[in-house]
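Take a look at the structure set out below.
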RNA sequence: GGGCCGCUAGCUCAACUGGCUAGAGCACUUGACUCUUAAUCAAUAGGUUCCGGGUUCGAGUCCCGGGCGGCCUACCA
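In the numbering used here, the protein residues as written are 331 to 836.
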């Protein structure tokens, strides 16, 4: 905040201009009443000594009407306010839960009691007093001193029905978090998942690095980038669509085991599983191959599931997803042939594959070769049927421009995708480290682009130059973190696991 | 992108095929109350019915355009 940002009418007037609206005008008056009573309505800090959970832990089971002699100091937001003539019950909430404040007119001087009486749901307050239970047995803090900590000028949503409109919840996430415990729980679980992922990689000897978001060329994936401009350089730039090419440069540089948990930006549609900015974990390990990476993925997913749920069985919607290793493994071709009545291979005439692809609803373009056709057929007929964690392996060379050719088989790469409930959760391969092959793959992509395909990989000369210094055999991995959070928090919409999802401004 | 649906008080929701001054609960304001648990009771107040046009004696409701969102669908993770 800079000192010239004076609040003006423009900033306050968002349909609920504070002084003009009766709901907020009343709270503004109370704010002034606090000030005129000689108190700062927004004081500096507060020495909270006990959380709601602390109080509950220390006095779990007390008889109604009990006194403890235990003096505590708590702070939180008022969530419920029940006022009698000479008694006030306030239910306050902190990040650990709720605790009741019990204020009796007989205990307090008149001005302080009136201050408590005039406090509103939504205000932050602190209080000190003895832990007691009321006659009805509710654990409470019998208020001896009381400090307004921050006035809530806007009313909270209905205390019973809460805030349910998904758009309002997404646009006003702060309100959602105040009133919906589930929203807070997801935010916390996301943090725990990312922390656990980081720990898993660190424990395996990976170091966490940061690579650029702003790039002159966006590669490492087949996706449309966001464009921006650097004024001083006079340069059009792109936001990254993957971290892959930079992380592999670090492998060339000898860092050997690196990972990055970072924001990725793709200029594509928004729906229940896609946000324009999302979080990807990528890792690269020198001297590993895709089998090593698959083994690591099994272990990491099982560990994270266990860490969150205490079990490798995770309930997702109506399914139980089992994360016990090993996961099922099947080649893309096997899965395609399981789903089709005929049997195909990469030797099948293109005309035949094209006919099958069109039959199953693929929009076929003239540039599609056998590999692309088989990959499209896979996505059309097989992918959505996979429920339990499955490594789909041996993707065609055509659709995997950064993956190594299979050591024994023609046409396919040493690649896998981890599919769960029809969606991709991880993608990895034995990295292509032959710079001449890599150049040829890039050129094939350029030909596809010239043929009209819009999602192709650009030629990155500096990346090729890095490979020319010699990249060791490397196993690489990408994990869609948001998707994993959705899976482990049982959410069907990505906006529920991203605190501030991309929305059109109103 | 295409199709379907939605938007009413701060929040959650009503308002029949177009028809009395657009209602209710919670929240707010005022009053009563020393044991509440979504406190209760009483009274008051609160509206650009998303926005802009149109049809009509009359529009929250019907028509046209726009905004934002949801669901389904296609593509990317």
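Backbone N, C-alpha and C define an ideal beta-carbon position, used for all residues, glycine too.
Along the alpha helix (DSSP H) that carries residue 775, what are the first and last residues, could you check?
765 to 780
Just to confirm the assignment, what range does the beta strand (DSSP E) spanning residue 621 have?
Element bounds for residue 621: not the beta strand (DSSP E) but the alpha helix (DSSP H), 620 to 639.
Start-to-end residues for the beta strand (DSSP E) that takes in residue 419:
417 to 424
Taking the alpha-carbon positions, what's the residue 779 to residue 570 distance?
20 Å
Can you tell which of 743, 603, 349, 695 has its C-alpha closest to the C-alpha of residue 306?
In the structure displayed, the chain extends from 331 to 836; residue 306 sits before or after that span and is not available.
Where do the ends of the alpha helix (DSSP H) carrying residue 511 lie?
511 to 533
Any 3 or more C-beta pairs closer than 8 Å across the segment 413 to 432 and the segment 486 to 499
no
Separation of residue 660 from residue 685, as counted between CA atoms
24 Å
Taking only the alpha-carbon atoms, compute the straight-line gap between residue 608 and residue 415 and give it to the nearest angstrom.
53 Å
Taking residue 362 as the reference, which of 481, 505, 834, 590 has the closest Cα?
481
Excluding the 5 residues flanking residue 505 on each side, which residues of the same chain have their C-beta closer than 8 Å to its C-beta?
486, 487, 493, 498, 499
Three-state secondary structure (DSSP) of residue 504:
helix
Just list the residues that DSSP pairs residue 757 with in beta bridges.
747, 808
Specify the secondary structure class of residue 436 as computed by DSSP and reduced to three states.
helix
Determine the direct distance from the alpha carbon of residue 476 to that of residue 508, and round the result to whole angstroms.
22 Å
Taking 8 Å as the cut-off, decide whether the C-beta atoms of residue 596 and residue 553 are in contact.
yes
Rounded to whole angstroms, how far is the Cβ of residue 722 from the Cβ of residue 662, which I believe are closer than 8 Å?
5 Å
Could you check where the beta strand (DSSP E) with residue 470 kicks off and where it finishes?
469 to 480
Taking the C-alpha atoms as reference points, what is the distance between residue 736 and residue 693?
28 Å
Name, in chain order, the residues that DSSP records as bridge partners for residue 601.
604
Residue 334, DSSP secondary structure in three states
Bear in mind that the predicted position of residue 334 carries a pLDDT of just 37, short of 50, making it unreliable; the figure below should be weighed with that in mind. Here residue 334 sits in coil by DSSP.
Close Cβ partners of residue 458 (< 6 Å) along its chain, the five nearest in sequence each way excluded:
403, 474, 475
With a threshold of 8 Å on Cβ separation, who are the neighbours of residue 790 within its own chain once the five nearest residues in sequence on each side are excluded?
547, 549, 575, 772
Please determine, among 719, 708, 715, the residue with the shortest C-alpha to C-alpha distance to residue 726.
708
Which residue comes first and which comes last in the alpha helix (DSSP H) that contains residue 387?
382 to 388
Would you mind working out which of 468, 380, 435, 746 sits nearest residue 394, comparing C-alpha positions?
468
Is it right to say residue 760 is buried, meaning 16 or more other beta carbons lie within 10 angstroms of its own, or is it exposed?
buried
Neighbourhood of residue 561 by C-beta distance below 7 Å, restricted to the same chain and skipping five residues each side
none
Three-state secondary structure (DSSP) of residue 576
helix
Test item: CB-CB of residue 577 and residue 803 under 8 Å:
no
So, are the CB atoms of residue 754 and residue 748 less than 8 Å apart?
yes
Please state whether DSSP places residue 395 in a helix, a strand or coil.
coil
Bridge-paired residues (DSSP) for residue 430:
421, 470
Looking at C-beta atoms only, is the number of pairs between the segment 535 to 542 and the segment 582 to 591 that lie closer than 8 Å three or more?
yes
Output needed for residue 730: all residues of its chain with C-beta closer than 8 Å, excluding positions within five of it in sequence on either side, in chain order.
743, 745, 759
Taking a contact to mean a Cβ-Cβ separation below 8 Å, would you say residue 605 touches residue 832 in this structure?
yes
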